[in-house]
Amino acid sequence: MARRRMTAPQRRDQLIGVGRQAFAERGLDGISMEEIAARAGVSKPVVYEHFGSKEGLYQEVVRLEMARLERTITSNIQAGPWRDRIERGVLALLTYVEEETDGFVILAHGQLPGEGRTYSTILNRVTAEVSYLLGEAFKHRGLDESMAGLYGQALVGTVSNSALWWLDERTPDKHTVAAHISNLCWNGLRGMEAQPRVYGSGEASDSASDETSDETAEKDA
């Protein structure tokens, strides 16, 4: 019985899946069009017909992964209490790392020709969204909303760099990692001062001395 031929959309999806795995393993420059075609069980002209070039296939893979990850994160941080938003956002990113590892590897280490790092591009978009949401929250709490962008950078930077670390480590499990990252981010936001300042070495030393004195007094008591 003859094997049923794929439709054009099915073939395109198949080539994207093959390319995704190949680019995650070897990168854009580490794999040839011949090998991609061989993995897909087609001739090179078929790949060219759908994407024009190896770079065209790579760009489509990256475009789809960027949209998927951005949608995954932003959809989880739009509404609800801030602690829940943080937990959902962190878990969404770690789940993507766990279940879509090839896609995350491409985004984390890849770069579109003539453009910046793909992971940085996504993070910039997510940071803009987080900063906007923080700005709205700052208004209600009487905090300086002009600093929302700074806090957005800090939050997204903490989470995104932790995800890069977890990509290789995979321990502890994602729920434990999410709990600790959320603990840091949430308690940092909850304890924010309206006018934070950098404490000088003298003040820091005095504070440390006071704490030591208190501990000594407690022991003596």
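Heads up: the sequence shown begins at 0 in numbering that gives the first Met the number 0, then just goes up one per residue. Backbone N, C-alpha and C fix where the C-beta goes; we use that ideal spot for every residue, glycine too. As the structure is a computational prediction, the values presented were derived from the model and not from experiment.
Contacts around Ile85, its chain only, beta-carbon distance under 7 Å, and the 5 residues preceding and following it disregarded: For Ile85, the CB contacts under 7 Å within the same chain, skipping 5 residues up- and downstream, are Ser181, Cys184, Trp185 in chain order.
Under 8 Å between C-beta atoms of Arg11 and Gly102: Between Arg11 and Gly102, the C-beta spacing is not below 8 Å.
Anticipated Cβ contact below 8 Å, Arg38 with Ala21, distance rounded: Yes, they are in contact, since the Cβ atoms of Arg38 and Ala21 sit about 6 Å apart, within 8 Å.
Whether Leu106 touches Glu64 by CB criterion (8 Å): Yes, Cβ-Cβ distance for Leu106 and Glu64 is below 8 Å.
Beta-carbon gap between Ile35 and Val17 smaller than 8 Å: Less than 8 Å divides the Cβ of Ile35 from the Cβ of Val17.
Residues that DSSP places opposite Arg87 in a beta bridge: Answer is none; Arg87 lacks a bridge partner.
Proximity to Ala162 [Cα-Cα], best of Ile72, Asp28, Ser52, Pro44: Of the listed residues, the one whose Cα sits closest to Ala162 is Ile72.
Other residues of its chain near Tyr95: CB distance less than 7 Å, five sequence neighbours each side excluded: Result list for Tyr95: Leu68, Thr71, Phe103, in chain order.
Under the three-state DSSP convention, the category Arg116 falls into: In the structure shown, Arg116 sits in a strand (DSSP, three-state: E or B).
Rounded straight-line distance, which links the Cα of Gly141 to that of Met191: Roughly 11 Å between the two C-alpha positions.
As assigned by DSSP and simplified to three states, the class of Leu92: Shown here, Leu92 sits in a helix according to DSSP, grouped into three states.
Closest residue to Tyr57 among Arg82, Gly40, Leu132, Leu111 (Cα-Cα distance): Nearest neighbour of Tyr57 by Cα position, chosen from Arg82, Gly40, Leu132, Leu111, turns out to be Leu111.
Cβ-based neighbour list, Gly148, same chain, cut-off 7 Å, excluding 5 preceding and 5 following: Scanning its chain for C-beta atoms nearer than 7 Å, with the 5 sequence neighbours on each side dropped, one finds around Gly148 the residues Ser130, in chain order.
Residue from Ala153, Phe137, Met146, Gly134 with nearest C-alpha to Leu122: With distances taken between Cα atoms, Leu122 lies closest to Ala153.
Residue span of the alpha helix (DSSP H) that contains Arg10, given as start and end: Boundaries of the alpha helix (DSSP H) harbouring Arg10: 7–25, taken from the DSSP string.
Whole-angstrom distance between Asn160 and Ser42, CA atom to CA atom: So the alpha carbons of these two residues sit roughly 40 Å apart.
Rounded C-alpha distance that separates Pro195 from Thr117: Rounded to the nearest angstrom, the two C-alpha atoms are 34 Å apart.
Cut-off 8 Å between Cβ atoms - residues of its own chain near Trp165, not counting five sequence neighbours on either side: Excluding the 5 residues flanking it on each side, Trp165 has same chain C-beta neighbours closer than 8 Å at Leu93, Val96, Lys173, Val176, in chain order.
CB-CB length for Thr126 against Gly109, believed under 8 Å: Contact doesn't hold; Cβ gap of about 19 Å is too wide.
Proximal residues to Thr120 (C-beta, below 8 Å), its chain only, five neighbours per side dropped: These residues qualify, in order along the chain: Met65, Glu114.
Length of the line joining the Cα atoms of Val45 and Ser52: Rounded to the nearest angstrom, the two C-alpha atoms are 11 Å apart.
In chain order, each alpha helix (DSSP H) run of at least 4 residues that lies wholly inside the segment 38–74: If we require 4 residues or more, the alpha helix (DSSP H) runs fully inside the segment 38–74 come out as 43–50, 53–73.
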